[in-house]
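Following this line, the structure appears as structure tokens:
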């Protein structure tokens, strides 16, 4: 007998419900460690409800922006702001005042909560605004708001209601506001619990910024598992290694650049002892050499792939038990792939110029496209850009990749990063991974530089391990021993690589620096 939806009661999906459950089922467990401060789940629940009660009359349903590092304030905002009936706008902590002002104005934020560390940035942003939001400074002012508020907890009647607005990095113009809904975040959080094995015994170290795709939905995922949030306002290898050893860290998320910092830090020593730390990495394909190093130190690394537009992870390299018996080099090569759709309900494709799927042969390239529960509602106040992103219901990622016979996707390059030399396509990622297999190399980025004969040729920007040495000829010879000679860099520059706030190498800065051959010089 068929049963209609009207005959049943359905609770709309929302990630804030996970805090209700954690407080009810695990109220006495430690929820948050932030320096010397600790709160149980019962206490966190009460604080977030009071934050909601204090914000609701100030926001009036309009967005609440938060400018704070990985502290309890940023974490509490992920529950208190939606419970106030307002969308959350988590601001990148490395933005300049002009950029903050743009986002505050574009999002129509009614309230700004900010850490004292950003007083100067906030003051500069407010001077640029015609209509300033109500500002609440973390510390005494923030605590006074909570102390005077009556607890509240608005829950959505529509699970597709706007939960948060996450602004892109804006490397090709003004940043766009990516709209998340409650359903997507709730499903993504549960998927992350399952994929990473979070449990009540877990201690999650916050090395990934909570402002980045709402911390890949881990503020809600860690809470769903009733695990412990270990806050870390600033990432440096010494602090991370100390916390891993002193606080019993079991989980962390980070870009490959952060993993490289940890892997080769003086404090790494013999690595983790007595347990395995589960790590997810994303933002750039990890080099097999880095994965081998992390495994030797006691880290179990899973590679995620996604975008701001997909609530963070959309694909992951889902490990298969039969791979356990393979040789280590093959294992690390498999682990570096982008993988298959997450349990949140993401369907990926690799499509050719004609809009059809390319063969699953691991060779034929196309553009990766996705659709599913964790694809954005759209861009805030930008229907044209929304339509361009998903012209046929499949969101184009801008990444060039292949599909292997086992169903796993692998990125070959960003479409804008493919180097076309003499009519031949060169995937910069492929060359970078070979370069990073050189024992002296810590990081590498490969870009195109102008060439009168070939149009453009690859150049390598290389950061060596401390105390290591290698010449440009060493690097070029190393690549030629692994790849076709035309793929090897024609020039090599040494020095640290510029990165954005999420740890991605800023290739656009390298391209600009080396656009004119006359200006080519070693990195400094």
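Residue numbers (my numbering): 1012 to 1535. For glycine and all other residues, C-beta sits at the position ideal for the given N, C-alpha and C.
Original post:
Where does residue 1432 sit, in a helix, a strand or coil, going by DSSP?
Top reply: strand
Subject >> Own chain, CB closer than 7 Å to residue 1116, minus 5 neighbours either side, in chain order >> reply: Cβ within range, chain order: 1140.
Original post:
Leaving out the 5 sequence neighbours to the left and right, which residues in its chain are closer than 8 Å to residue 1529 when beta-carbon positions are compared?
Top reply: Reliability fails at residue 1529, whose pLDDT of 39 lies under 50, so the model's placement of it is uncertain and no value is given.
Original post:
Should the segment 1099-1107 be regarded as contacting the segment 1142-1150, the criterion being three or more beta carbon pairs within less than 8 Å?
Top reply: no
Original post:
Which of the three DSSP states, helix, strand or coil, is assigned to residue 1544?
Top reply: Past the boundaries of the shown model lies residue 1544; the chain is included only from 1012 to 1535, so the question cannot be answered.
Original post:
Which class does residue 1330 belong to by DSSP, given the choice of helix, strand or coil?
Top reply: coil
Subject >> Cα-Cα separation between residue 1507 and residue 1299, rounded to whole angstroms >> reply: Each residue's alpha carbon lies about 20 Å from the other.
Subject >> Rounded straight-line distance, which links the Cα of residue 1297 to that of residue 1142 >> reply: 44 Å
**OP:** Return the Cβ separation of residue 1408 and residue 1378 in integer angstroms, given the expectation that the two are a contact with Cβ distance under 8 Å.
**Re:** 7 Å
**OP:** Determine the contact status of residue 1239 and residue 1371, defining contact as a CB-CB distance below 9 Å.
**Re:** No, these two residues do not count as a Cβ contact at 9 Å.
Original post:
Nearest-angstrom Cα distance between residue 1036 and residue 1525?
Top reply: Taking the straight line from one Cα to the other gives about 57 Å.
**OP:** State the beta-bridge partners of residue 1178 as determined by DSSP.
**Re:** DSSP lists 1188 as the beta-bridge partner residues of residue 1178.
**OP:** Report the partner residues of residue 1264 according to the DSSP bridge assignment.
**Re:** 1291
**OP:** On a CA-only basis, which of 1428, 1083 and 1228 is nearest residue 1200? Give me that one, please.
**Re:** 1228
Original post:
Can you find at least 3 beta carbon pairs, one from the segment 1338-1355 and one from the segment 1208-1217, that sit closer than 8 Å?
Top reply: no
Subject >> Same chain, Cβ closer than 6 Å to residue 1356, neighbours up to 5 away in sequence not counted >> reply: 1383 and 1384
**OP:** Could you please give the first and the last residue of the uninterrupted alpha helix (DSSP H) stretch that includes residue 1087?
**Re:** 1083-1094
Subject >> Simplified DSSP assignment, three categories, for residue 1377 >> reply: strand
Original post:
Identify the residues that DSSP records as bridge partners of residue 1510: which are they?
Top reply: 1516.
**OP:** Mind reading off the beta-carbon distance from residue 1248 to residue 1301? Whole number of angstroms is fine, and I expect it under 8 Å.
**Re:** Rounded to whole angstroms, the Cβ separation of residue 1248 and residue 1301 is 14 Å, and the two are not in contact under 8 Å.
Original post:
Would residue 1262 be called buried (16 or more neighbouring beta carbons within 10 Å of its own) or exposed?
Top reply: buried
Original post:
Taking DSSP as the reference, what is the three-state secondary structure of residue 1183?
Top reply: Only weak support exists for where residue 1183 lies, its pLDDT of 48 falling under 50; the value from the coordinates is given anyway. The answer is coil: DSSP assigns residue 1183 none of H, G, I, E or B.
Subject >> Three-pair Cβ contact test at 8 Å for the segment 1384-1393 versus the segment 1417-1428 >> reply: no
**OP:** At 3 residues or longer, and completely inside the segment 1310-1371: list those beta strand (DSSP E) runs for me, N to C.
**Re:** 1310-1318, 1323-1327 and 1357-1362
Original post:
Beta carbon of residue 1196, beta carbon of residue 1171: below 9 Å?
Top reply: no
**OP:** Name, in chain order, the residues that DSSP records as bridge partners for residue 1492.
**Re:** Answer by DSSP bridge pairing: none, since residue 1492 is not bridged.
Original post:
residue 1483 and residue 1503: beta carbons closer than 9 Å?
Top reply: yes
**OP:** Round the Cβ separation of residue 1312 and residue 1284 to the nearest angstrom and send it over; I've been treating them as touching at under 8 Å.
**Re:** Not a contact, Cβ separation roughly 18 Å.
Original post:
Hey, out of 1310, 1394 and 1063, whose CA is closest to residue 1090's CA?
Top reply: 1063
Original post:
From what residue to what residue does the alpha helix (DSSP H) around residue 1110 run?
Top reply: Its alpha helix (DSSP H) spans residues 1108-1118.
Original post:
What is the DSSP secondary structure of residue 1252, counted as helix, strand or coil?
Top reply: helix
**OP:** Go to residue 1305, then tell me how far its beta strand (DSSP E) extends in each direction, as first and last residue.
**Re:** Note, residue 1305: premise wrong, no beta strand (DSSP E); alpha helix (DSSP H) at 1299-1307.
Original post:
To which residues does DSSP link residue 1447 through a beta bridge?
Top reply: Note: residue 1447 sits in no beta bridge, so no partner.
Original post:
Grouping DSSP H, G and I as helix and E and B as strand, with all else coil, what is residue 1148?
Top reply: strand
**OP:** Only counting runs of 4 or more residues, tell me where the alpha helix (DSSP H) segments fall wholly within the segment 1033-1058, in order along the chain.
**Re:** none
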